[in-house]
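All remarks here apply to the structure that follows.
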Amino acid sequence: MSFFNEIQQKIGITPFFSNMGQGSFDDKKIIYFQSIQTCFESSLNVEWLPTSPTQDDPFYIKQEYPKDLVEMRLVVSKAVIESLKAFPVTDSHFQYDVHNFKIVARNAICYAFRQYLTEKYFSLGDNWKNIVNIYYQGYWPVGIYHKKIVVI
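As numbered in my numbering, residues 1 to 152 make up the sequence shown, in order.
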């Protein structure tokens with residue numbers, strides 16, 4: 001089975017965002033917050049991970065994508081959106097004050113998976129792989145602070 005097919009299958013069975021606010025991490029490379037509120041109200045100067053396709057990748061320089069990669073990126077984004085529909089998470093997980101960040105979270109996870117494919121395709125490293133692995137665990141990686149991943 002190809003790497004791309006494995007990703008699609010794993011996405012299809014993963015309840016993304018399902019562990020937000022639960023548990024903790026022992027990993028020294030992760031800063032964990034129990035909620036959006038505690039994260040946003042913290043004094044950390046977090047570099048937020050991208051949520052829009054027009055934003056620059058914080059790890060790698062943008063390059064031209066071959067047609068097959070463009071197609072894979074589109075398919076993986078659709079697979080993530082379908083998984084989010086199949087395993088819905090209550091809006092309260094994404095609520096901060098009067099603001100709801102559910103669409104932001106959806107856009108962020110799609111961005112991360114697209115960049116993960118690109119990272120793997122060009123053998124660039126493992127930055128997005130580490131972030132995607134956090135998504136697979138049901139959490140929301142929202143940013144970077146001093147080379148640590150900030151997670152809700």
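We put the CB at the ideal spot given by N, CA and C, even for glycine.
All values reported here derive from a predicted model rather than from experimental measurement.
Candidates F3, F17 and I11, of which the one nearest F94 by Cα
F17
With contact counted as at least three CB pairs below 8 Å, one residue from each stretch, are the segment 120 to 129 and the segment 23 to 34 in contact?
no
Alpha carbons only, please: which of W140, F4, V46 and S77 is nearest the one belonging to K147?
V46
Bridge-paired residues (DSSP) for W140:
Looking at the DSSP assignment, W140 forms no beta bridge with any residue, so it has no partner.
Flag this pair as yes or no: are the beta carbons of T14 and Y136 separated by less than 7 Å?
yes
C-alpha distance - W48 paired with S2, whole-angstrom precision:
31 Å
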